Amino acid sequence: MSTEEKNKVTKEEINEPKEETQGAYNPDTGEFNWDCPCLGGMANGPCGEDFKASFSCFVLSEAEPKGYDCVEKFQAMQDCFRRHPEEYADEIDDSEDEVVASSPNEESSGWLSWLF
Numbered sequence: 001m002s003t004e005e006k007n008k009v010t011k012e013e014i015n016e017p018k019e020e021t022q023g024a025y026n027p028d029t030g031e032f033n034w035d036c037p038c039l040g041g042m043a044n045g046p047c048g049e050d051f052k053a054s055f056s057c058f059v060l061s062e063a064e065p066k067g068y069d070c071v072e073k074f075q076a077m078q079d080c081f082r083r084h085p086e087e088y089a090d091e092i093d094d095s096e097d098e099v100v101a102s103s104p105n106e107e108s109s110g111w112l113s114w115l116f
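UniProt numbering puts the first residue of the sequence shown at 1, with every later residue one more than the last.
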């Protein structure tokens, strides 16, 4: 088979639906995929509902800086993590109390840093 034949795209291939890597949020449908491996299972477990509330708030946030309007939800999630250290030891951020009290215009958004 020649290189030209290998590079030739058929009409059927053009019309085939492309397999997309699905993320945690689909902006076209507005739906969240809580089973997405990209979330590391955080949507499950004892703090799953708090995670879902804070994550969805952050994704849909139009505040500047992004997610600033979700502070209370993130605080509730961190509180839940602290109540379940056996499952969330790696997620507990003991420094976020200082960050939440900081100015919204500061560059540091430590209370959101675990999402990035």
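Cβ atoms here follow ideal geometry from the backbone N, Cα and C, with glycine treated the same way. Computed from a prediction, not measured in an experiment: that's the story for all the values here.
Using C-beta distances below 6 Å, list every residue in its chain close to residue 30, excluding the 5 sequence neighbours before and after it, in chain order. none
Alpha-carbon to alpha-carbon, residue 22 and residue 93: 29 Å
In three-state terms, what does DSSP make of residue 91? coil
Across the region 49 to 59 and the region 71 to 83, are there enough close Cβ pairs to call them in contact, namely three or more that are closer than 8 Å? yes
Who pairs with residue 33 in a beta bridge, going by DSSP? The partner list for residue 33 (beta bridge, DSSP) is empty, contrary to what the question assumes.
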